Amino acid sequence: MRKTILIGVVLLLGLALLANAGYGYDMSGEFQRMIGSNPLDAAYDRESKAVSNGKDWGTQTWVELETKYAKLWDGELNAIYRKLLAVLSPGEQAKLRTAQRGWLQYHRNEAEFVAATLLATRKDGPILGSQGRVDSILAYKNRIRSRTLELMEYFYLLRGEVRFVYREP
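Our numbering runs 666 ahead of the 1-based position in the sequence shown.
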């Protein structure tokens, strides 16, 4: 039963994320089409299905999977941030740096809040329980993914291309 609920939650969050992946700047929808079949999401989909159907399924396995992909998305975020800085004027670079520092502060504060409030042991137990570990790293990863796609869209609008650093092993 828990396995079915976890799979349902992961799929629903994934669908919600895909629905919100467009940021509205590229009205043609071309950017959305380009990133719709990106290699990182494709690899995650394959791996998450394998985990769901595997004999070693469990909370720790999901935490490890989400942590792995959070790190991969973070690598993409850093790469597109550097690429974007390289094509901006000095004034635009300053604005992007300010925006990125603000986003990073929000991202870290959100993770700290969830850990201290929803995952922390309270006198009646943690609010989210063991499933909360999966949910929190999933939310963490999805914030990074969302910001990465946002910066990719900016780069696409400026240069007409999108390239992922990630390559299938």
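The beta-carbon is built from N, C-alpha and C at its ideal position, and this holds for glycine as well. Bear in mind the structure is a predicted one, so any value in this text is a computation, not a measurement.
Can you grab the Cα-Cα spacing for the pair D707 / F697, in whole Å?
15 Å
So what's S694 in DSSP terms, helix, strand or just coil?
coil
Let's test the definition: count the other Cβ atoms within 10 Å of the Cβ of V676 and tell me whether it reaches 16, buried, or not, exposed.
In this prediction, V676 scores a pLDDT of 48, lower than 50, which makes its location untrustworthy; no coordinate-derived value is stated.
Would the region 773-785 and the region 745-764 be scored as touching if the rule is three or more Cβ pairs under 8 Å?
no
Where R825 and V753 are concerned, what is the direct C-alpha to C-alpha distance, given to the nearest angstrom?
8 Å
Using a Cβ cut-off of 7 Å (strictly closer), state whether Y822 contacts chain B.
Absence of chain B from the displayed structure is noted, only one protein chain being present.
A687, DSSP secondary structure in three states:
Low confidence applies to A687: its pLDDT is 49, below 50, so where it sits in the model is not reliable enough to give any reading.
According to DSSP, is K721 part of a helix, a strand, or is it coil?
coil
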